[in-house]
Amino acid sequence: RLQNVFQAIRNGDFSHGEPEATAEFCSLVDRLCNIQAAGTWEGDKYLVINDFPSFVDAQNRVDQTYADKAKWCKLSIQAASSMAKFSTDRTIKEYAEVIWGVKPAPRPLEK
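Spelled out as structure tokens, the structure:
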């Protein structure tokens, strides 16, 4: 299945007749297929090709779950409610204190 995708890329199916795009996409495919350099920046750095079958299986499970709207909704609510504390406000506050070493400017309250 993945080889079919790679062949479609090499055929220019995704570059809409733009030779530069085809060349760039082919370069990426060639890099992924360079098994001598797998695990390095010259090859499939993150071994994506090895994991592709499990990606497809996981997506199939997602698709099946999504088809059951009630189950999807329940799982979405459970996931959202069980997340650890995270907010952009907290993250920005931490960056300001730890990385930038600045304090927030007080914002006047409107009356």
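Here the sequence shown stands for residues 9 to 119, numbered as in my numbering. All residues carry an ideal CB built from backbone N, CA and C; glycine is no exception.
Might you give, ordered along the chain, the residues of its own chain that have their beta carbon closer than 6 Å to the beta carbon of Asp52, omitting 5 neighbours on each side?
Leu40 and Ala46
Quick one: is Phe63 buried, meaning 16 or more other Cβ sit within 10 Å of its Cβ, or exposed?
Burial call: exposed.
Count the other CB atoms, across all protein chains shown, that sit within 10 Å of the CB of Phe22; report buried if there are 16 or more and exposed otherwise.
exposed
Measuring only the C-alpha atoms, how far is Val56 from Leu117?
52 Å
Using beta-carbon positions only, say whether Glu50 and Asn58 come within less than 8 Å of one another.
no
Using 8 Å as the threshold, is the C-beta distance between Thr73 and Lys82 below it?
no
So Cys34 and Arg18 are supposed to be a Cβ contact under 8 Å. How far apart are they, rounded?
The Cβ separation is near 6 Å, so the contact holds.
Throw me the rounded Cβ distance for the Ala104 and Pro112 pair, which I believe falls under 8 Å.
7 Å
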